[in-house]
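Its first residue numbered 40, the sequence shown is counted upward by one per residue in the working numbering.
The structure under discussion appears below in the form of structure tokens.
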Amino acid sequence: MDQAELRELLSPGGLTLLDSLPAWESSADVVRSVADLRKAGHSPALVAAVMSQARLRAKAVAKFGPFAASMLFTEAGLEQATRLSVAAQHAGRFQRAGLGWIADLGCGIGADALAIAALDLEVTAVERDEVTAAVAAYNLASWSNARVEHADAEAFDLSGVDGVYLDPARRDGAKRLKNPADWSPSLDFAFGLAARLPTGVKLGPGIDRDLIPDAAEAQWVSVDREVVELGVWFGALARPGVRRAALVVGEHGSAEMVAAEDSEDAPSGTLGEYVYEPDGAVIRARLIGDLARTLGGRMLEPSIAYVTADAAVTTPFAACFRVVEELPLDKKAIKRALAARQIGTVEIKKRGVDIDPAVFRTALAPKGPESGTLILTRIGDRRRALLVERVAGA
């Protein structure tokens, strides 16, 4: 979104028109919708602005739920915005730490600031990009305890602030910035604040672990089995004795594994009746060994993130599968097994083997009304295919 598009949205009647549009559907006839709006007398610029915003609002429902219908977005801002369920977790840290005034530096469209304000904490949201700052101001307008500043986060005066949250911008337009020194604010600046203020920093989950300071708490977060971020917490925002954490958010609510350090791997052993696929946050946090021990299980192979056990245990930290058949990783043998069970729809999971699941599935040419899951992996020095079925509720 540029300044001209924002002016159209905030013009008299612009927001009214946006709110009057029917819910966006990808299958809708956009050309017809645009033509109808033009026929009603609306300018081309306003029509383009409201149609773009309607599309972004529909896309934002996955992160903001029903709140998306009353917010404004930029394309980049929505992409980087924290999901509201996760932002609430961030805000809770500041509240539990007893911090009253929070600076959200590099606030984007204001998702985390909104969650902080909702807990009756004072929040100052700082954003360098003028249009994005204006969008954040709109999204936070109903909160008297929130204000937005159009300023450079690294130059902003933090006098009187009790704690800081940062979500550094890691893109320049469509280009992903690999060097943390090029982020805005830079990673050195973000971590440097921790020397004088309780600080939280949101990072991509795949960041080089060597960049995580030893004194920080590192919390990987997954939502509906997708790892969405790494939160690095300092000072009063870091929990005593916790340096590694995996927060799993889903239909079950939220659950967390914590540890003082990377967990020691569990011993490997023979294939049991069940195989567990750890949640990505557990894998990123390197807590697979702790998970295996809570399941009474063992590793299938020391370097591969699959756990096997002899019983099905309900856990939010892993998906559970019952082993139907163990096969050599051989296409002919697998095709026979699928044909015998009339499996025509095959989900393929793989770790520890260099195989393209899409290409492998095509080569199997499965046929039949049933569905099944294949796990392609190594057990010891053997390449194996495990035909498995999901265990509901476990």
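Ideal Cβ positions, reconstructed from N, Cα and C, are used throughout, including at glycine.
Fair warning: this is a prediction, and the values are worked out from it, not measured in the lab.
(message) Considering only the alpha carbon of each residue, which of GLY131, GLY145, TRP259 lies closest to ASP159?
(response) Checking every option, the nearest Cα to that of ASP159 belongs to GLY131.
(request) Would you mind listing the alpha helix (DSSP H) stretches within the segment 344-420 that are 4+ residues and don't spill past its ends, in chain order? (result) Runs found: 370-379, 396-403.
(message) Please identify the residue among GLY311, ASP143, LEU326, LYS374 whose C-alpha is closest to the C-alpha of LEU197.
(response) Among GLY311, ASP143, LEU326, LYS374, the Cα nearest to that of LEU197 belongs to ASP143.
(request) Within the same chain, show all residues whose beta-carbon is closer than 6 Å to that of VAL267, passing over the 5 residues directly before and after it, in chain order. (result) For VAL267, where only same-chain residues beyond five positions count, the Cβ hits under 6 Å are VAL260.
(message) Beta-carbon within less than 8 Å of ALA305's beta-carbon, same chain only, minus the 5 sequence neighbours each way: which residues are those?
(response) Exclusion of the five residues before and after ALA305 leaves ILE327, GLY328, ALA331, ARG332, GLY336, ARG337, MET338, VAL346 as the residues of its chain whose Cβ lies within less than 8 Å of its Cβ.
(request) Just tell me which of VAL392, VAL362, ALA298 has its CA closest to the CA of GLY35. (result) Nothing can be reported for residue 35, as the shown portion of the chain is limited to 40 through 433.
(request) Just tell me which of ARG235, ASP41, PRO408 has its CA closest to the CA of THR384. (result) Residue PRO408 is the option with its Cα nearest to THR384.
(request) Mind reading off the beta-carbon distance from VAL121 to ASP168? Whole number of angstroms is fine, and I expect it under 8 Å. (result) Note that residue 121 corresponds to Thr in the displayed sequence, not to Val. Between ASP168 and THR121 the Cβ distance is about 17 Å, and since that is not below 8 Å, they are no contact.
(request) Please confirm whether PRO2 and ALA344 have their CB atoms less than 8 Å apart. (result) Because the chain is modelled from 40 through 433, residue 2 falls outside the range shown and cannot be assessed.
(request) Return helix, strand or coil for GLY243, following the three-state DSSP convention. (result) Reduced to three states, the DSSP call for GLY243 is coil.
(request) Could you tell me whether the segment 279-289 touches the segment 238-247, using the rule of 3 or more Cβ pairs below 8 Å? (result) Counting Cβ pairs under 8 Å, fewer than three are found: no touch.
(message) Closest to GLN119 by C-alpha separation, out of ALA208, ASP227, VAL100, would be which residue?
(response) It is ALA208 whose Cα lies nearest to the Cα of GLN119.
(request) Compute the beta-carbon to beta-carbon distance between GLN42 and VAL170, rounded to the nearest angstrom, for a pair I have assumed lies under 8 Å. (result) Right, the Cβ-Cβ distance comes to about 6 Å (below 8 Å), so this counts as a contact.
(message) For the segment 79-94 against the segment 53-67, do three or more pairs of beta-carbon atoms, one drawn from each stretch, fall closer than 8 Å, so that the two count as touching?
(response) Verdict: yes, contact present.
(request) Pull up the DSSP beta-bridge partners for ILE141, would you. (result) As DSSP reads the structure, ILE141 sits in a beta bridge with VAL162, GLY202.
(request) Taking only the alpha-carbon atoms, compute the straight-line gap between ALA350 and ALA175 and give it to the nearest angstrom. (result) The alpha-carbon of ALA350 is positioned some 50 Å away from that of ALA175.
(request) Mind checking which residues open and close the beta strand (DSSP E) that includes CYS267? (result) The identity of residue 267 in the sequence shown is Val, whereas the question assumes Cys. VAL267 -> beta strand (DSSP E) spans 265-272.
(message) Taking the alpha carbon of SER50 as the reference point, which residue from PRO237, HIS291, GLU340, SER82 has its own alpha carbon closest?
(response) When each option's Cα is compared against that of SER50, the closest is SER82.
(request) Would you mind sorting SER342 into buried or exposed? The rule is 16 or more other CB atoms within 10 Å of its CB. (result) Per the 10 Å Cβ criterion, exposed.
(request) From the DSSP output, in three-state form, read off GLY53 for me. (result) Three-state result, GLY53: helix.
(message) As a quick exercise: from LYS370, LEU123, GLY274, pick the residue whose alpha carbon is nearest that of LEU138.
(response) For LEU138, the closest of LYS370, LEU123, GLY274 by C-alpha to C-alpha distance is GLY274.
(request) May I ask which residues mark the beginning and end of the beta strand (DSSP E) holding GLY231? (result) Unbroken run through GLY231 is the alpha helix (DSSP H), 226-232; no beta strand (DSSP E).
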